[in-house]
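There are 2 protein chains.
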Amino acid sequence: MGITSSQVRQDFSSFGGYGLQRYGYDVESLHQEIGNILGLNTIRNMIIIGAGSLGQALAKHKEFEKKGFKVIAIFDVKTELIGQKITEHEIRHLDSLPHFLENNQVDIAILTIPENFGREVAAYITELGIKAIWNFVPIELKTPDDVIVENIHLIDSLMVLGYNLKHKRRE
Amino acid sequence: MGITSSQVRQDFSSFGGYGLQRYGYDVESLHQEIGNILGLNTIRNMIIIGAGSLGQALAKHKEFEKKGFKVIAIFDVKTELIGQKITEHEIRHLDSLPHFLENNQVDIAILTIPENFGREVAAYITELGIKAIWNFVPIELKTPDDVIVENIHLIDSLMVLGYNLKHKRRE
DNA sequence: TAGATTGTTAATCGATTAACAATC
DNA sequence: TAGATTGTTAATCGATTAACAATC
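As structure tokens, then:
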């Protein structure tokens with residue numbers, strides 16, 4: 149992974165000692181422990197907001213659930229999409245979100261909507277009590293202090309790649 | 149964007165001076181200049197390897213081309229996918245890649261294949277002369293020194309979000 | 001000229017790496 | 001006990017922030 153042994157030990161020790169001097173680490177229990185730290189043993193319910201091709205692709209992705217991240221609903225505003233089925237989920241209208249939240253625990257909202265709706269929808273869902281956003285919209289969301297945002301900015305990543313390609317620089 | 153004015157000036161000055169003291173920056177020409185640095189005015193031809201839902205979603209994404217990143221072909225190995233149309237592109241068999249490369253300039257390969265094929269396919273395409281990989285496979289690719297890799301590790305990002313959520317920490 | 005803002009140097013901060021003592 | 005490897009302290013490195021002189 150391009151990481152030094154020093155860094156590995158340094159990082160592990162932030163969370164406590166997991167190894168046995170002289171013998172090394174027990175891979176099985178270390179793996180388990182890291183999973184605990186990351187909270188992989190608890191199930192997180194996620195909703196997808198924006199049922200475009202990216203939103204649909206994420207809904208179909210199977211790897212997330214294996215790590216405890218479960219998609220429980222998909223929302224959009226386009227009437228032609230409402231009712232359509234993606235995997236086992238019918239696309240719901242965003243207007244039904246407040247009602248949905250009353251009856252379901254939602255831990256994370258995945259934002260895969262067009263750029264121009266980004267701020268508006270982010271404000272809407274945080275007002276409804278969403279505390280974590282996985283943001284695929286290429287903008288910096290301004291959210292209340294207690295809301296956690298994790299960004300996936302695809303175009304930024306691609307531009308970094310383009311820059312490195314132009315300047316022939318690795319990573 | 150949560151960046152200090154110091155950092156902005158520091159970063160700009162790495163590439164030269166673009167501002168006028170006392171007056172500030174001319175946004176239009178600065179924007180143009182940053183585009184030049186990132187190479188946004190040159191067109192990059194990209195191919196998608198792996199026509200699953202994620203690969204298809206990226207093919208349909210319109211924002212990349214606006215920044216000069218153009219998808220010119222999609223490859224897979226699943227026979228039932230070959231010939232199927234995604235936007236204007238027919239899905240081609242990966243075996244036809246060498247022939248395709250003889251007749252087309254490819255700057256970037258987008259890897260959206262299952263994890264277990266990651267290393268094998270990366271080795272295959274770098275051997276064929278691909279110099280840049282936008283890697284969506286959740287592994288660290290080992291590639292020759294002159295190959296540029298930019299990773300999008302979705303599950304890592306999601307786990308970071310999960311961690312921050314558990315420990316109630318912002319960004 | 002006076003003043004606002006850039007460009008640049010210096011200080012600070014945090015993360016990575018190195019060194020080494022603790023210990024199983 | 002001897003030696004290998006962890007855990008931790010110290011050194012290094014790079015990036016961010018602060019300070020300020022240059023200048024339009």
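Same order as they appear, the protein sequences are chains F and S. Using this note's numbering, the first residue of the first sequence is number 149, and each one after it goes up by one. Using this note's numbering, the first residue of the second sequence is number 149, and each one after it goes up by one. All residues carry an ideal CB built from backbone N, CA and C; glycine is no exception. Quick caveat: nothing in here was measured; it's all calculated off a predicted structure.
- At a cut-off of 7 Å, the C-beta of A205 of chain F has a neighbouring C-beta in chain S.
- The beta carbon of N299 of chain F sits closer than 6 Å to those of N283, all from its chain and outside the five residues before and after it, given in chain order.
- No Cβ of chain S is located within less than 7 Å of the beta carbon of K210 of chain F.
- Counting only residues of its own chain and dropping the five nearest sequence neighbours on each side, L229 of chain F has a CB closer than 8 Å to the CB of A199 and I239.
- Under a criterion of Cβ atoms nearer than 8 Å, the residues of chain S adjacent to D255 of chain F are, in order, L313.
- What I296 of chain F touches in chain S, judged by beta-carbon distance under 7 Å, is L309, N312, L313 and R318, going in chain order.
- Taking a 10 Å sphere around the C-beta of G150 of chain S, we find fewer than 16 other C-beta atoms and assign the residue as exposed.
- Put simply, the CB of I191 of chain F is far from chain S, with every gap to its CB atoms at 7 Å or more.
- Annotated as proximal: G216 of chain S and I191 of chain S, with beta-carbon spacing under 7 Å.
- Under the Cβ criterion of 7 Å, A280 of chain S is counted among the residues facing chain F.
- Residue pairing by DSSP places F217 of chain S opposite S:R192 in a beta bridge.
- For E250 of chain F, the enclosing alpha helix (DSSP H) covers residues L245 to N251.
- Here T260 of chain F is buried. Its C-beta has 16 or more other C-beta atoms within 10 Å.
- Taking CB atoms only, G198 of chain F has no neighbour in chain S less than 7 Å away.
- Partner residues in a beta bridge of H315 of chain S, as assigned by DSSP, do not exist.
- When Cβ-Cβ separations below 7 Å define contact, F265 of chain F makes no contact with chain S.
- Residue pairing by DSSP puts H241 of chain S in a beta bridge opposite S:D224.
- Taking C-beta atoms as the reference points, N193 of chain F and K218 of chain F count as a pair closer than 7 Å.
- Burial of V297 of chain F is indicated by the presence of at least 16 other C-beta atoms within 10 angstroms of its C-beta.
- In the three-state reduction of the DSSP assignment, I197 of chain F falls in the strand class.
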